[in-house]
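Okay, structure first, notes after.
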Amino acid sequence: MDPRSEVLLRQPDYFQGEVLLVGLPPDDVLGRLPNAHGWCWHAGDQAALEARFAGRVHFGVDVPARAFDTAVVYLPKSKELSDYVLKAVAARLPNADVFLVGEKKGGIEGASKQLIPFGKPRKLDSARHCQLWQVTVVNAPQAPVLADLAQHYELALEEGPLNVVSLPGVFSHGRLDRGSALLLEHLDKLPSGHVLDFGCGAGVLGAAVKRRYPHNSVTLLDVDAFATASSRLTLAANGLDAEVICADGIDAAPMELNTILSNPPFHVGVHTDYHATENLLQKSVKHLKKGGELRIVANSFLRYQPLIEEQFGACTVKAEGQGFRIYSAKRR
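For the sequence shown, the UniProt record's numbering assigns the number 1 to the initial residue and increments by one for each residue that follows.
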């Protein structure tokens, strides 16, 4: 059981009615709260929860339409995302209670201040290195419009400016990160055909490839529904057409690819997690055609080259700078 859920379950009297659990982990909290429903935007968590609690978890970027008596928000990593989801549920719960739960090392103490506009928050419990906060919504906000919270920025590319649309919670929200910037400088000589942007975020790499190589088929894949929603907005803002998939890991990607591009993630929440990237490096060769290329950018301190060489036999450093390296490997 996730320690945040353990803290909730120490206070069962507050959660007897129709409860919405926002950003919940894939544990047994729904099993312990039979009247609760979830709202999730992580495709892997959604799949695990749906397998056990079919029909009880809403997936996507919008607050579910169903009625609920109270809501518990599991503190997201992003302040912008927590602000959005807190306002979204508080707008639906005038004069009712909203709860915020999170780990101390995840910043729950400071994040509790985001409850102040709704009423007077109070710390309800502190245990398992977590805190549970409660606020009665005296001042219900207007329901936020997610598109209005998007940040827009423009990249100057050889083919012309690329407009990027970034939603709250998306990696490198509102700006181009250094790793992707380096990879954008080295998109030359890609194999023609079907290109996958793995861990697409706001869709920068996939959109740039489609702009430069318009005859290529491009698929963008990310585990996060806010990321894939951002990618769709970025593609639309530039008049580009590509497939967008929200799913957990390379297993959901098409086969017979010509290129896999990625600035792969290695952080999840406050914990370091290399699983998604290691899975990518181990299985990407199976998704590539013969002669197809894996091209990724990663922090220089991450020892990805030996993992790639285990699968591909050879891996070259195509470029490096500002603490990042671009690795390239081809299926033989």
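Just so it is clear, CB atoms sit at the ideal spot from N, CA and C, and this is done for glycine as well.
Local Cβ density within 10 Å of residue i, reported as buried at 16 or more and exposed below that
i	result
G99	The question names Gly, yet the displayed sequence has Phe at residue 99. Result: buried.
P265	buried
N258	buried
T316	exposed
Q142	exposed
P254	exposed
H42	buried
V101	buried
G313	exposed
D222	buried
D148	exposed
P26	buried
A150	buried
V138	exposed
R10	exposed
R332	exposed
Beta-carbon contacts of residue i that lie in its chain and below 7 Å, excluding the five residues immediately before and after
i	result
R175	Y153
E22	Reading off the sequence, residue 22 comes out as Val, not Glu. For V22, where only same-chain residues beyond five positions count, the Cβ hits under 7 Å are W39, A71, V72, V73, Y74, V85, V89.
A207	L162, T234, L235, N238, L240
A51	none
E6	R128
E309	C315
G119	V135, T136, V137, V138, N139
Contacts around residue i, its chain only, beta-carbon distance under 6 Å, and the 5 residues preceding and following it disregarded
i	result
G179	N263, V297, F324
Q322	R178
F15	L33
E243	T219
T272	Here T272 scores only 47 on pLDDT, less than 50, and its place in the model is too uncertain to base an answer on.
Q196	At residue 196 the sequence reads Leu, which differs from the Gln that was named. Answer for L196: T219, A253, L257, I260, listed in chain order.
G269	The predicted model places G269 with a pLDDT of 44, which falls under 50 and marks its position as unreliable; any figure quoted below should be read in that light. Same-chain partners within the cutoff: K77.
H287	A253, M255, L257
C130	P3, R4, V7, E103
L155	L162
Nearest to residue i (by Cα), restricted to the options the options
i	options	result
N299	K286, R211, H287, L183	L183
L235	L261, A247, A253, G201	G201
L302	F59, E278, G60, R92	E278
L205	D177, S192, A225	D177
R212	F226, P191, R122	P191
A111	R128, V138, A242, D83	D83
A140	H173, A96, L187	A96
D69	L8, H37, H58, A54	H37
P214	A67, R331, H194, Q46	H194
P172	A47, R56, M1, K79	Pro is not the amino acid found at residue 172; the sequence shown has Ser there. Checked all of A47, R56, M1, K79; the closest Cα to S172 is K79.
L167	F53, G55, G203, D188	G203
G199	L124, D248, L307, D62	D248
I250	G17, V63, G44	G44
A227	V285, R66, V61	V61
L24	A47, K330, L307	A47
V170	L146, H275, L307, G31	L146
Residues bridged to residue i [DSSP beta-bridge criterion]
i	result
F198	L221, S262
T228	Looking at the DSSP assignment, T228 forms no beta bridge with any residue, so it has no partner.
N299	F324
C246	D222
T316	S328
L288	L257
L184	According to DSSP, which records beta bridges pairwise, L184 is partnered with nothing at all.
L294	I260, A329
Same chain only: Cβ atoms within 8 Å of residue i, ignoring 5 sequence neighbours per side
i	result
L157	L184, A208, R211, R212
I326	L182, L183, H186, R295, I296, V297, V317, K318, A319, E320
L144	Looking at the sequence itself, residue 144 is Pro, so the reference to Leu does not match. So the qualifying residues of the chain are Y84, K87, A88, A91.
L115	L86, V98, L100, P121, W133, V135
R232	G203, V244
CB contact check: residue i to chain C, cutoff 7 Å
i	result
W41	The question asks about chain C, but that chain is absent: this structure has only one protein chain.
Please go through the UniProt domain "Methyltransferase small N-terminal" (5-153) and give each complete beta strand (DSSP E) segment of 3 or more residues, from N-terminal end onward. Listed in chain order, they are 19-22, 36-40, 57-59, 70-74, 97-103, 122-127, 130-136.
At which residue ranges does the stretch 150-182 contain complete beta strand (DSSP E) runs of 3 or more residues, listed in the order of the chain? Within the stretch 150-182, the complete beta strand (DSSP E) segments at least 3 residues long are 151-157, 160-166, listed from N- to C-terminus.
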